[in-house]
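Just below is one structure, and these are the notes that go with it.
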C-alpha cells in the first residue's frame with residue numbers, strides 16, 4: 002500500500018489577519034494547505050453545564066457546540082437555551098466549507114475553530130506557549146486560569162489601572178483585584194458580580210477611562226468581536242482575550258488589534274478535575290510587541 006500524500010504545510014500568515022471574513026475566505030481558498038471541502042466533521046456534540054463553586058453565592062450556565070475534525074476539536078459557546086438540536090445534527094458528516102456557510106454563527110465559528118485547530122494546533126511552532134494547569138476542584142482550576150490570563154494583561158496596564166472586562170467571570174475579577182487593578186464588568190446579560198457590582202451591557206459606553214480591554218472568546222461567536230477590537234484599537238488600548246470559544250481562531254488576530262490570547266481548547270477546565278494545559282500567545286510588552294498594524 003502506498004503512503005498517503007504529504008499535506009502541504011500552511012503557507013498563509015500565522016497572525017495579523019485584518020478581520021474574521023478575510024480569514025474565513027483564506028480558509029475557503031485553501032491558503033492553509035488543505036481544502037475545507039475535502040474534510041468532514043466526524044463528531045459533533047453539545048455540552049450543557051451548570052456551575053456553582055464552593056464558597057460562591059451564585060453560579061452560571063454554559064452551552065458549547067464542539068466539532069471534531071481528525072484529532073482536533075473546535076468549539077463555540079452559545080447563550081443557554083439558544084443552541085438548537087440541528088446545530089449538532091447538521092454538522093455530523095458535513096464538510097467544513099459547507100459549515101462555514103451555515104446560517105448559525107455558532108456552527109460557523111466552531112467549524113472554523115476545528116479547521117484551524119487541525120491545521121495550526123497549539124504548539125510553539127504556531128506561536129503557543131504551553132502552561133500546565135494543575136489538577137484541582139472547579140474553583141481551584143478557575144482561579145489558576147484567571148491568574149494565567151491576568152499575567153498576560155497586567156504588564157500592559159499601569160499600576161492601579163482600569164480594565165474593561167467583557168464577558169464576566171468572577172475568578173478573573175478576583176485575580177484583577179489581587180493584581181491591584183480596577184475593572185468595569187460588562188456582559189450582554191447584565192446582572193451583578195459576586196461582589197454586588199452592577200454589570201453594564203454596553204462596552205462602547207463603558208470604555209471611557211479604561212486602560213485595557215479583557216474579553217471572552219464568546220465575543221467571536223456572538224458577533225461582537227469585530228466592533229470590540231475596533232473600539233480598543235481606536236482608543237489605543239491593549240486587547241487581551243481568554244478563549245475557549247475560538248481558541249485556534251483568535252490567535253490569528255495577533256498584531257491586528259489583539260495583543261495577547263490565553264487559549265483553552267476542549268476539554269475545558271470545568272469538565273475535568275485532572276491536569277490540563279493552557280496556551281498563551283503574544284510577547285511581553287516591549288519584546289516583539291505587536292503595534293496593531295496587521296499585515
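In the working numbering, the protein residues as written are 2 to 296.
For each residue, glycine too, the CB sits at the ideal point set by N, CA and C.
message = Quick check: is the beta carbon of residue 266 nearer than 7 Å to any beta carbon in chain B?
response = Among the protein chains of the structure shown there is no chain B, as only one such chain exists.
query = What is the rounded straight-line gap between the Cα of residue 102 and the Cα of residue 23?
reply = Between residue 102 and residue 23, the C-alpha separation is close to 14 Å.
ask   = Are the CB atoms of residue 149 and residue 263 nearer to each other than 7 Å?
value = Note that the C-beta distance between residue 149 and residue 263 is below 7 Å.
key: Counterpart residues of residue 216 in DSSP-defined beta bridges   = According to DSSP, which records beta bridges pairwise, residue 216 is partnered with 167, 242.
inquiry  = Am I right that residue 1 and residue 116 are in contact with their C-beta atoms under 8 Å? What's the rounded C-beta distance?
reply    = Past the edges of the chain, shown from 2 to 296, lies residue 1, and the structure says nothing about it.
ask   = With C-beta atoms as the reference, is residue 259 less than 7 Å away from residue 238?
value = Going by C-beta atoms, residue 259 is not nearer than 7 Å to residue 238.
task = Evaluate the contact criterion for the stretch 214 to 233 versus the stretch 123 to 141: three or more CB pairs, one atom per stretch, below 8 Å.
result = Taking a contact to require three or more Cβ pairs closer than 8 Å, the stretch 214 to 233 and the stretch 123 to 141 do not qualify as touching.
ask   = Is it right to say residue 193 is buried, meaning 16 or more other beta carbons lie within 10 angstroms of its own, or is it exposed?
value = By the 10 Å Cβ count, residue 193 comes out exposed.
message = Using a Cβ distance threshold of 8 Å, determine whether the stretch 245 to 256 contacts the stretch 14 to 23, with at least three qualifying pairs required.
response = Touching, yes, given that three or more Cβ pairs across the two stretches are closer than 8 Å.
query = DSSP state of residue 64, grouped into three classes?
reply = Residue state for residue 64 is assigned as strand, using DSSP reduced to three classes.
key: Backbone CA spacing between residue 86 and residue 229 [nearest angstrom]   = The alpha-carbon atoms of residue 86 and residue 229 are separated by roughly 30 Å.
key: Strand pairing of residue 46, partner residues [DSSP]   = In DSSP, residue 46 forms a bridge with 67.
inquiry  = Among 63, 152, 157, whose alpha-carbon lies nearest the alpha-carbon of residue 84?
reply    = Measuring from the Cα of residue 84, the nearest candidate turns out to be 63.
inquiry  = Tell me whether the stretch 203 to 212 and the stretch 153 to 167 touch, counting them as touching only if at least three CB pairs, one residue from each stretch, are closer than 8 Å.
reply    = With the cut-off at 8 Å, the stretch 203 to 212 and the stretch 153 to 167 touch.
query = Considering only C-alpha positions, which residue in the set 44, 155, 109 is nearest to residue 29?
reply = It is 109.
query = How is residue 228 classed by DSSP in three states: helix, strand or coil?
reply = Correct three-state label for residue 228: helix.
task = Could you tell me which residues DSSP puts in a beta bridge with residue 255?
result = DSSP output for residue 255 lists 259 as bridge partner(s).
key: Beta-carbon contacts of residue 174 that lie in its chain and below 7 Å, excluding the five residues immediately before and after   = Within the same chain, 166, 184, 186, 194 come within 7 Å of residue 174 by CB-CB distance, once the 5 residues on both sides are set aside.
ask   = Rounded to a whole number of angstroms, what is the C-alpha to C-alpha distance between residue 72 and residue 132?
value = Roughly 21 Å separates the two Cα atoms.
query = residue 279 lies in the beta strand (DSSP E); which residues open and close that run?
reply = 277 to 282 is the extent of the beta strand (DSSP E) around residue 279.
query = For residue 275, which residues from the same chain have a beta carbon less than 7 Å from its beta carbon, with the 5 sequence-adjacent residues on both sides left out?
reply = Correct list, in chain order: 136.
ask   = How is the beta strand (DSSP E) around residue 131 delimited, first residue to last?
value = Counting along the chain, residue 131 sits inside the beta strand (DSSP E) bounded by residues 130 to 134.
Alpha carbon of residue 79 to alpha carbon of residue 107, nearest angstrom = Each residue's Cα considered, the two are about 7 Å apart.
message = Taking the alpha helix (DSSP H) that residue 143 belongs to, which residues open and close that run?
response = Taken as a continuous stretch (DSSP letters only), the alpha helix (DSSP H) holding residue 143 covers 139 to 154.
ask   = Of the choices 134, 74, 121, 123, whose alpha-carbon is the least far from that of residue 112?
value = The alpha carbon of residue 112 has as its nearest neighbour, out of 134, 74, 121, 123, the alpha carbon of 74.
message = Using only the alpha-carbon positions, how far apart do residue 180 and residue 170 sit?
response = If you draw a straight line from the Cα of residue 180 to the Cα of residue 170, it is about 16 Å long.
key: Cα-Cα separation between residue 7 and residue 248, rounded to whole angstroms   = Residue placement at residue 7 cannot be trusted, given a pLDDT of 38 that sits under 50; what the coordinates show is reported in the next sentence. So the two alpha carbons sit approximately 26 Å from each other.
task = Use the C-beta contact count for residue 190: other C-beta atoms within 10 angstroms, 16 or more gives buried, fewer gives exposed.
result = It counts as exposed.
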